[in-house]
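Remarks on the structure that follows.
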Amino acid sequence: MTVIVELTIPSEGFELGRILSVGGAGRVTLETMVPLGGRPIPFVRVKHDTRDKFTRRVRKHAAVSEIRPLSTHNDEVLYALDWDPSEDAFFRMMLDGDIALLEASGSVDRWGFELRFPSHETLSEFQESYLEKNIDVTIQRIYNPTKPDSGPWYGLTPPQRETLVYAVENGYYSLPRGISTKDLGDRFDISDQAVTERLRRGITTLVSNTVLELEDEP
């Protein structure tokens, strides 16, 4: 049975956090991780006012091959990061344990993650691993999204739920389509690619925590 975990980790506590460090009040949002060429490519969003210093700092990191701007929407830029994750023990634990990244964002000091574990056993192994590696992880909340008293919306985050509801109510899934991803992006002040990723993650979470869970029941 899947488990949703909300946790925080210092930005200096893992390799990607050090790579994506932002100064001042800046904030980085990790949109998704796409497996390309045998390694995960992070897609991250950064505010305009921090992007120049951010990209200069990222390119200087030894683990980074390249950081490429993909799209711009209002005051944010979406980047793809080509890097070597072999030195990042925290992300290696996620990849090796088949742990799904639902949400992640970080500041100069700390990152917050929402992760979906395939089972309680996987979560226990993950906890043993970060304790063994002395990674400073703080668990904020653990819940099973299929239990009525354990968390709302079957594991959907508030932005995922709001976007899915608005998309359905305004005909995004109708034929003909009543609203576009650009319209949704304008509504939520994010890029159309970020909308697509949010809907994809939301639908995956919803199906995993409802239909697939029911199939596993005796």
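If you're matching positions, the sequence shown starts at 1 in full-length UniProt numbering and goes up one per residue.
Just so it is clear, CB atoms sit at the ideal spot from N, CA and C, and this is done for glycine as well.
Going straight from the alpha carbon of residue 56 to that of residue 140, what length do you get?
When rounded, the separation of the alpha-carbon atoms in residue 56 and residue 140 is 33 angstroms.
What's the gap between the Cα of residue 40 and the Cα of residue 84?
9 angstroms
Could you work out which residue in 10, 172, 97 and 104 is closest to residue 33 when comparing CA atoms only?
104
Contact belief for residue 82 with residue 16 at Cβ below 8 angstroms, rounded distance in angstroms
At roughly 13 angstroms, the Cβ-Cβ gap does not stay under 8 angstroms, so residue 82 and residue 16 are not in contact.
Going along the chain, which residues of its own chain have a beta-carbon closer than 6 angstroms to the beta-carbon of residue 221, five neighbours each way excluded?
The question about residue 221 has no answer, for the chain in this structure spans 1 to 218.
What does the alpha-carbon distance come out to for the pair residue 193 and residue 72?
10 angstroms
Which word fits residue 148, buried or exposed, when buried means at least 16 other C-beta atoms lie within 10 angstroms of its C-beta?
Confidence at residue 148 is low in this model, with a pLDDT of 46, below 50, so the placement of that residue should be treated as unreliable; the coordinate-derived value is given next. Exposed, by the Cβ-count rule.
Residue 95 beta carbon less than 8 angstroms from that of residue 114:
no
Tell me which same chain residues have a C-beta within less than 6 angstroms of the C-beta of residue 77, skipping the five on either side of it?
Annotation for residue 77: 46, 51 and 69 place their beta carbon closer than 6 angstroms to its own, counting only its chain and skipping 5 residues before and after.
Compute the beta-carbon to beta-carbon distance between residue 111 and residue 8, rounded to the nearest angstrom, for a pair I have assumed lies under 8 angstroms.
7 angstroms
Residue 118 and residue 2 look like a contact to me (Cβ under 8 angstroms); what is the Cβ gap, rounded to whole Å?
Indeed, because the Cβ distance is near 6 angstroms, the residues count as touching under 8 angstroms.
Local Cβ density within 10 Å of residue 195, reported as buried at 16 or more and exposed below that
buried
Quick check on the burial criterion: 16 or more other C-beta atoms within 10 angstroms. Buried or exposed for residue 137?
A residue is called buried once 16 or more other Cβ atoms fall within 10 Å of its Cβ, and residue 137 is buried on that count.
In the DSSP assignment, find the unbroken beta strand (DSSP E) run with residue 79 in it and report its ends.
Taken as a continuous stretch (DSSP letters only), the beta strand (DSSP E) holding residue 79 covers 76-83.
Who are residue 4's beta bridge partners in DSSP?
116 and 143
Applying the criterion that 16 or more other CB atoms from any shown protein chain within 10 Å of the CB defines a buried residue, is residue 167 buried or exposed?
buried
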